[in-house]
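For reference, the structure is listed below as structure tokens.
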Amino acid sequence: MALSKIWVLAEAADGKVSNTTLEILTKARTLADTVECVYAGADADAIAAVLGAHGATTVYATGDLSGRLLGVPVAAAIADAVNAGNAPDAIISATSYDGRDIMGRLSVKLDKTVITNNVDLEVDGDSLVTVVPIFGGNTMVKTKFTAGGPCLVLIRPKSFAAEESGGAAAAVAAIAVPDTGATGAAKLLNRHVEERSGPSLDEAAIVVSGGRGLGEAEKFTMIEDLAKKLGAAPGASRAIVDAGWVPYSYQVGQTGKVVKPTVYIAAGISGATQHMVGMKGSKNIIAINKDAEAPIFSVCDLGIVGDVHKVLPALIELLNAR
Amino acid sequence: MNIVVCVKQIPDPAEPGALDPNTKTLKRDGKLILDDSDSYGVEMALQLADAAGGGEVTLVSMAPNNEVSGLRTALAMGAAKSVLVSDPALAGTSALGTAKVLAAAIKRVEGADLILTATESSDGYTGTIPEQIAELLGLPSITFAKSISIADGTVSVQRQTEAGYDECEAPLPAVVSVTAGVVEPRYPSFKGIMAAKSKPVDQVTCSDLGIDPASVGWAGGGQEIVLVEAAPAREAGEVIEDDGTGAEKIVAFLDTLKVI
Ligand SMILES: Cc1cc2nc3c(=O)[nH]c(=O)nc-3n(C[C@H](O)[C@H](O)[C@H](O)COP(=O)(O)OP(=O)(O)OC[C@H]3O[C@@H](n4cnc5c(N)ncnc54)[C@H](O)[C@@H]3O)c2cc1C
Ligand SMILES: Nc1ncnc2c1ncn2[C@@H]1O[C@H](COP(=O)(O)O)[C@@H](O)[C@H]1O
Chain A
2 MALSKIWVLA EAADGKVSNT TLEILTKART LADTVECVYA GADADAIAAV LGAHGATTVY
62 ATGDLSGRLL GVPVAAAIAD AVNAGNAPDA IISATSYDGR DIMGRLSVKL DKTVITNNVD
122 LEVDGDSLVT VVPIFGGNTM VKTKFTAGGP CLVLIRPKSF AAEESGGAAA AVAAIAVPDT
182 GATGAAKLLN RHVEERSGPS LDEAAIVVSG GRGLGEAEKF TMIEDLAKKL GAAPGASRAI
242 VDAGWVPYSY QVGQTGKVVK PTVYIAAGIS GATQHMVGMK GSKNIIAINK DAEAPIFSVC
302 DLGIVGDVHK VLPALIELLN AR
Chain B
768 MNIVVCVKQI PDPAEPGALD PNTKTLKRDG KLILDDSDSY GVEMALQLAD AAGGGEVTLV
828 SMAPNNEVSG LRTALAMGAA KSVLVSDPAL AGTSALGTAK VLAAAIKRVE GADLILTATE
888 SSDGYTGTIP EQIAELLGLP SITFAKSISI ADGTVSVQRQ TEAGYDECEA PLPAVVSVTA
948 GVVEPRYPSF KGIMAAKSKP VDQVTCSDLG IDPASVGWAG GGQEIVLVEA APAREAGEVI
1008 EDDGTGAEKI VAFLDTLKVI
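Chains as they are written, first to last, in this note's numbering: chain A, 2 to 323; chain B, 768 to 1027.
Right, dumping it as structure tokens:
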């Protein structure tokens, strides 16, 4: 059995569709006969080809929403379309900042439950079953929607591999954003981008992350040096992001980035469940921790029980000598 | 400046989590504590009320068994009073149902200018409840706040993004969700702990809030857990004591992977 129609909330920046959107589209087309996108932005024409190549036949575009936060206007637009009879069986979004805002608002408007943090989806009869990892990913919970569509689903990044379907460019259609009055009065005034060096956490083949075991903020340079040497992206545990050693954009884990590189190196990171859900899918994991009992060792391929202040400098030196 | 802070009371995260074999949801029957994630909202509220030259911070919580220990912690930090919703009918309530209950409880607090939540709870982490509350109350909202300031009836927020942050603002009243680690939550003083014992806790049930029990709980959720299973385990790798050759072992491993 397949569903008849799924809508995927498409996200893009500077005309580039987010990887997670393409991952979700790839999965959605195995679940439903028709996959369409809803896109909050004025440049739908620029992304219609990529969305189509991943299985979307139509993209409903809101037009320019710059200066606004997306939750209220996009949820209102979708709710109006659904109530007007154009209802998909499921609406799927990435567990992103805007995705959560939109789906939270939409769940109230449609009075439908929204299930978050999913890493997989299955069709059971005419309903949808979601898969959520708990306890750091060692247990999976499957939940079925029981109240009919639209089923509202938020998917974690990197849950699926994006693949092209060979589809033609999606047709671009308009979706009307109603007046949202005072509820929609929040304004986005200015964007600030924090510069970070090297490859992005999302795309790097190697990620080198540091945690509280580094001891002090200055020691994060060891992580940066090693990352530079390996062409890797530097990452971090939340402990040192909260401590202000590195910006939030470095954070790996449940509330940070999900990474799946070829190699993940965790230095001075204990392996809390919330960190593990962000990196457990890496192909190879190397851990350096002075505590042999640290949970990170239960998921690593190579574990060094040792002091980061000895192992990291030695490692950098060996790599420099090559 | 009157501020409502939603605070969740959760099982101590230091204890290993367990599922109830019957309901397949997290066990919440033991003693509960203040969710660490919400201590930032409480601290932020106290600082904002201070900066505004006064006003009350009111806590709102939904928890089983009339649990108050987490509320007492936040009252000891300096919140003035609290509303606690506790009702057997609420067992198994979904995120949307929880938001309906919290929104109804917030309406009991008169003259709230600002409603704060955490961006996500430590044990549920759906992260959708702040927006759901805002929609139910018909209020504007800004999520993932790193910093908050208030002037002239407007709340200004630095909202965390993938790449940095956005400067946002909304007219009050509004709902704002606060990210963890952005302020340093104060430790309750001895005086605060003593004072907390006599601060008012307005205990209410679904019927006090005019909530139909059928719209919450297991039945009202529109979802059903069908299976809980162990994830495929990662094969255990090699863990070795560093005898001075740890770095060499890493290089050798990276060599076999052909990434250097
Ligand atoms: C709702 C919620 C969401 C969260 N989201 C995230 C998230 O997205 N990402 C995340 O990372 N965390 C997250 N956390 C926090 C998480 O629970 C942990 O607190 C955090 O990951 C711990 O970071 P850490 O491993 O650096 O620090 P610690 O747990 O303190 O571990 C430090 C480790 O360093 C080791 N060490 C100390 N000195 C040395 C040395 N000289 N050499 C070698 N090893 C040494 C210690 O043995 C220890 O294992 C979240 C928590 C909550 C409640
Ligand atoms: N039962 C509850 N009582 C009070 N506040 C809650 C409750 N559940 C969730 N919240 C608030 O909503 C935020 C997001 O929760 P969640 O959607 O579970 O991640 C939490 O961090 C709290 O601030």
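For every residue, glycine included, the Cβ atom is placed at its ideal position computed from N, Cα and C.
Since the model is a prediction, treat every value here as computed from it, not as a measurement.
For residue i, is the classification buried or exposed, using 16 other Cβ atoms within 10 angstroms of its Cβ as the cut-off for buried?
i	result
His407(A)	For chain A, the structure presents residues 2 to 323; residue 407(A) sits outside this window and is missing.
Pro1033(B)	Limits of chain B in this structure are 768 at one end and 1027 at the other, which puts residue 1033(B) out of reach.
Gly167(A)	exposed
Leu294(A)	Contrary to the premise, residue 294(A) reads as Glu rather than Leu in this sequence. Label assigned to Glu294(A): exposed.
Lys17(A)	exposed
Met194(A)	Per the sequence shown, the amino acid found at residue 194(A) is Val instead of Met. The residue is exposed, with fewer than 16 neighbouring Cβ atoms inside 10 Å.
Phe957(B)	exposed
Met961(B)	exposed
Arg839(B)	buried
Ala62(A)	buried
Arg323(A)	exposed
Asp127(A)	exposed
Ala190(A)	According to the sequence displayed, residue 190(A) carries Leu and not Ala. Label assigned to Leu190(A): exposed.
Ala218(A)	exposed
Ser861(B)	buried
Glu1002(B)	exposed
Lys113(A)	buried
Pro778(B)	buried
Pick from the options: whose alpha carbon is nearest that of residue i?
i	options	result
Ser849(B)	Leu863(B), Ala937(B) and Val774(B)	Val774(B)
Ala338(A)	Asp46(A), Glu24(A) and Cys301(A)	Outside the modelled stretch of chain A, which goes from 2 to 323, sits residue 338(A), for which no answer is possible.
Lys913(B)	Leu903(B), Gly905(B), Gln927(B) and Ala901(B)	Gln927(B)
Glu772(B)	Ala1014(B), Ala843(B), Tyr807(B) and Arg795(B)	For the record, residue 772(B) in the displayed sequence is Val; it is not Glu. Looking at the Cα atoms, Tyr807(B) is the closest of the given residues.
Gly1043(B)	Leu904(B), Val1018(B) and Gly837(B)	With chain B running from 768 to 1027 in the structure shown, residue 1043(B) is simply not present.
Arg953(B)	Ala781(B), Met844(B) and Val983(B)	Met844(B)
Asp975(B)	Arg795(B), Pro999(B), Gly984(B) and Arg875(B)	Arg875(B)
Asp995(B)	Asp102(A), Val132(A) and Ala14(A)	The amino acid at residue 995(B) is misidentified as Asp; the sequence shows Val. For Val995(B), the nearest C-alpha among the options comes from Val132(A).
Ala998(B)	Gly232(A), Ala268(A), Asp121(A) and Arg213(A)	Asp121(A)
Pro74(A)	Ala57(A), Gly216(A), Gly105(A) and Ile270(A)	Gly105(A)
Ala54(A)	Ser97(A), Cys38(A), Leu202(A) and Leu313(A)	Cys38(A)
Ala76(A)	Glu196(A), Gly64(A), Arg197(A) and Lys110(A)	Lys110(A)
Gln317(A)	Asp44(A), Gly212(A), Lys229(A) and Val306(A)	Sequence check: residue 317(A) is Ile here, not Gln. Of the candidates Asp44(A), Gly212(A), Lys229(A) and Val306(A), the one whose C-alpha sits nearest the C-alpha of Ile317(A) is Lys229(A).
Lys1025(B)	Ile289(A), Ser250(A), Asp292(A) and Val264(A)	Val264(A)
Ala847(B)	Gly989(B), Ile770(B), Leu1021(B) and Phe1020(B)	Ile770(B)
Lys28(A)	Ala14(A), Trp8(A), Glu12(A) and Tyr40(A)	Trp8(A)
Ala171(A)	Ile207(A), Ala88(A), Ser19(A) and Ile48(A)	Ile48(A)
Gly68(A)	Glu196(A), Arg101(A), Ala41(A) and Gly211(A)	Ala41(A)
Lys6(A)	Gly86(A), Val278(A) and Leu70(A)	Gly86(A)
Gly1(A)	Ala174(A), Leu10(A) and Val260(A)	The requested residue 1(A) is not part of the displayed model; chain A covers only 2 to 323.
Val968(B)	Leu857(B), Glu834(B) and Leu851(B)	Leu851(B)
Gly100(A)	Ala33(A), Gly72(A), Ala183(A) and Ile116(A)	Gly72(A)
Val1(A)	Phe298(A), Gly279(A), Leu320(A) and Ile270(A)	Outside the shown range of chain A, which is 2 to 323, sits residue 1(A), and nothing can be said about it.
Leu202(A)	Lys258(A), Phe136(A) and Cys152(A)	Lys258(A)
Examine the Cβ distances between the segment 73 to 82 of chain A and the segment 913 to 927 of chain B and report whether three or more of them are shorter than 8 angstroms.
no
Near-chain A residues of the segment 949 to 969 of chain B - C-beta to any C-beta below 8 angstroms
none
Could I get the ranges of all uninterrupted beta strand (DSSP E) runs contained in the segment 951 to 995 of chain B, with 3 residues as the minimum, in chain order?
968 to 971, all fully within the segment 951 to 995 of chain B.
How would the residue list near ligand 4 read, in chain order, if you kept each one whose beta-carbon is closer than 5 angstroms to any heavy atom?
Questions concerning ligand 4 fall outside what the structure shown contains, since the ligands it does hold are ligand 1 and ligand 2.
Check whether the segment 818 to 825 of chain B touches the segment 780 to 791 of chain B, counting contact only when three or more Cβ pairs, one atom from each stretch, lie closer than 8 angstroms.
The segment 818 to 825 of chain B makes no contact with the segment 780 to 791 of chain B; the number of CB pairs closer than 8 angstroms stays below 3.
Residues of the segment 125 to 148 of chain A whose Cβ lies closer than 7 angstroms to any Cβ of chain B, in chain order
Val130, Pro134, Phe136, Gly138, Asn139, Thr140, Met141, Val142, Lys143, Thr144, Lys145, Phe146, Thr147 and Ala148
Runs of alpha helix (DSSP H) lying entirely within the segment 780 to 814 of chain B, each at least 4 residues, in chain order:
The segment 780 to 814 of chain B contains no whole alpha helix (DSSP H) run of 4 or more residues.
Along the chain, which unbroken stretches of the beta strand (DSSP E) at least 3 residues long are found entirely within the segment 112 to 147 of chain A?
115 to 119, 121 to 125, 128 to 135 and 140 to 146
Residues of the segment 298 to 311 of chain A with Cβ closer than 8 angstroms to any Cβ of chain B, in chain order
Phe298, Ser299, Val300, Cys301, Asp302, Leu303, Gly304, Ile305, Val306, Gly307, Asp308 and Lys311
Against chain B: residues of the segment 184 to 208 of chain A by CB proximity under 8 angstroms:
From the segment 184 to 208 of chain A, only Thr184, Gly185, Ala186, Ala187, Lys188, Leu189, Leu190, Asn191, Arg192, His193, Val194, Glu195, Ala206 and Ile207 have a Cβ closer than 8 angstroms to chain B.
Alpha helix (DSSP H) segments (min. 4 residues) lying fully within the segment 808 to 896 of chain B
List check, alpha helix (DSSP H) in window: 836 to 844 and 862 to 874.
Residue ranges of each beta strand (DSSP E) within the segment 994 to 1020 of chain B, 3 or longer:
List check, beta strand (DSSP E) in window: 1005 to 1008.
What are the residues of the segment 871 to 902 of chain B that lie near chain A, defined by any Cβ-Cβ distance shorter than 8 angstroms?
Thr886, Glu887, Tyr892, Thr893, Gly894, Thr895, Ile896, Pro897, Glu898, Gln899, Ala901 and Glu902
For the segment 275 to 294 of chain A, which residues have a beta carbon sitting closer than 9 angstroms to at least one beta carbon of chain B?
Gln275, Lys281, Lys284, Asn285, Ile286, Ile287, Ala288, Ile289, Lys291 and Ala293
Can you pull out the residues from the segment 76 to 105 of chain A whose beta carbon lies closer than 7 angstroms to at least one beta carbon of chain B?
Tyr98, Arg101, Asp102, Met104 and Gly105
How about the segment 997 to 1015 of chain B and the segment 798 to 817 of chain B: do they share at least three Cβ pairs that are nearer than 8 angstroms?
no
Say whether the segment 853 to 869 of chain B touches the segment 299 to 316 of chain A, bearing in mind that this needs 3 or more beta-carbon pairs closer than 8 angstroms, one atom from each stretch.
no
Check whether the segment 195 to 206 of chain A and the segment 93 to 107 of chain A are in contact - that is, three or more C-beta pairs closer than 8 angstroms.
No, because fewer than three Cβ pairs between the segment 195 to 206 of chain A and the segment 93 to 107 of chain A fall closer than 8 angstroms, the two stretches do not touch.
Three CB pairs or more closer than 8 angstroms across the segment 972 to 986 of chain B and the segment 931 to 948 of chain B
no
Do the segment 905 to 912 of chain B and the segment 1003 to 1018 of chain B make contact, defined as three or more Cβ pairs closer than 8 angstroms?
no
If you pair each beta-carbon of the segment 224 to 243 of chain A with each one of the segment 201 to 209 of chain A, do three or more pairs fall below 8 angstroms?
The answer is yes - the segment 201 to 209 of chain A touches the segment 224 to 243 of chain A, with three or more Cβ pairs under 8 angstroms.
Check distances from the C-beta atoms of the segment 22 to 46 of chain A to those of chain B and list, in chain order, the residues that come in under 7 angstroms.
Result list empty, no residue passes.
According to a CB-to-CB cut-off of less than 9 angstroms, which residues of the segment 106 to 121 of chain A neighbour chain B?
Correct list: Arg106, Leu107, Ser108, Val109, Lys110, Asp112, Lys113, Thr114, Val115, Ile116, Thr117 and Asn118.
Can you give me, in chain order, the residues of the segment 260 to 271 of chain A that have a beta carbon less than 7 angstroms from any beta carbon in chain B?
Thr263 and Val264
Using a Cβ-Cβ cutoff of 9 angstroms, what residues of the segment 934 to 950 of chain B are near chain A? List them in chain order.
Glu934, Cys935, Glu936, Ala937, Pro938, Ala941, Thr946, Ala947, Gly948 and Val949
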